[in-house]
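Q:
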Amino acid sequence: MTIYHARVEIRLKPAHVDPEGQTTKKALTDLNYRVEDVFTAKVYEIDLDAPSLDKAEELVDEMSRKLLANPVKDDYEFEVREVK
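Using full-length UniProt numbering, you'd call the opening residue of the sequence shown number 1 and step up by one each time.
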């Protein structure tokens, strides 16, 4: 088998309020930065063993759907690359 490294980014869907992003935007504006908007995201770095890149991507997508992202409020994207 081969080791793959995945980077999964989870963000709130556009219709959901991002209170942490809004607070950060206000703080940056108060510091005289001209910011349009600020959004927060969670990032997961995962190393996994899989027989192929396609299978690794399939597994990461499954992990994201089943555990990492809440389908009601979150969108996710990921990238997978071979490391060993």
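For glycine and all other residues, C-beta sits at the position ideal for the given N, C-alpha and C.
None of the values given here were measured: they were computed from a predicted structure.
#1: I need the boundaries of the beta strand (DSSP E) containing threonine 24, first residue and last residue.
#2: Is leucine 31 closer than 8 Å to valine 38 when the C-beta atoms are compared?
#3: From valine 83 to isoleucine 3, what does the alpha carbon distance come to, in whole angstroms?
#4: Which residues mark the beginning and the end of the beta strand (DSSP E) in which lysine 42 is found?
#5: Assign aspartate 54 to one of three DSSP states: helix, strand, or coil.
#6: Identify which residue in Ala41, Val60, Met63, Ser52 has its Cα closest to the Cα of valine 17.
#7: Please report the straight-line C-alpha distance between leucine 53 and tyrosine 33, rounded to a whole angstrom.
#8: In the DSSP assignment, the beta strand (DSSP E) including tyrosine 4 goes from what residue to what residue?
#9: If we ignore side chains and look at the alpha-carbon of each, how far apart do aspartate 49 and leucine 59 end up?
A: Taking the geometry as given:
#1: Locating residue 24 in the sequence shown gives position 24, where the first residue counts as 1. First-last for threonine 24: 19-30, but that is the alpha helix (DSSP H), not the beta strand (DSSP E).
#2: Within the sequence shown, numbered from 1, the residue matching residue 38 stands at position 38. Within the sequence shown, numbered from 1, the residue matching residue 31 stands at position 31. Against a cut-off of 8 Å, the Cβ pair of leucine 31 and valine 38 comes out as no contact.
#3: The residue you call residue 83 lines up with position 83 of the sequence shown. The residue you call residue 3 lines up with position 3 of the sequence shown. Rounded to whole angstroms, valine 83 to isoleucine 3 spans 6 Å at the Cα level.
#4: Here the question's residue 42 lines up with position 42 in the sequence shown. It spans 41-50 - the beta strand (DSSP E) in which lysine 42 sits, taken as one unbroken run.
#5: Working through the sequence shown from its first residue, we reach residue 54 at position 54. Three-state result, aspartate 54: helix.
#6: The sequence position of residue 17 within the sequence shown is 17, counting from 1. Nearest C-alpha to valine 17: Ala41.
#7: Sequence index remark: in the sequence shown, residue 53 carries index 53 (1-based). Sequence index remark: in the sequence shown, residue 33 carries index 33 (1-based). When rounded, the distance between both Cα atoms is 42 Å.
#8: For the purposes of this step, residue 4 is identified with residue 4 of the sequence shown, where counting begins at 1. Looking at the DSSP string, the run of the beta strand (DSSP E) that includes tyrosine 4 is 2-12.
#9: Position 49 of the sequence shown, counting from 1, holds the residue named residue 49. Position 59 of the sequence shown, counting from 1, holds the residue named residue 59. Rounded to whole angstroms, aspartate 49 to leucine 59 spans 10 Å at the Cα level.
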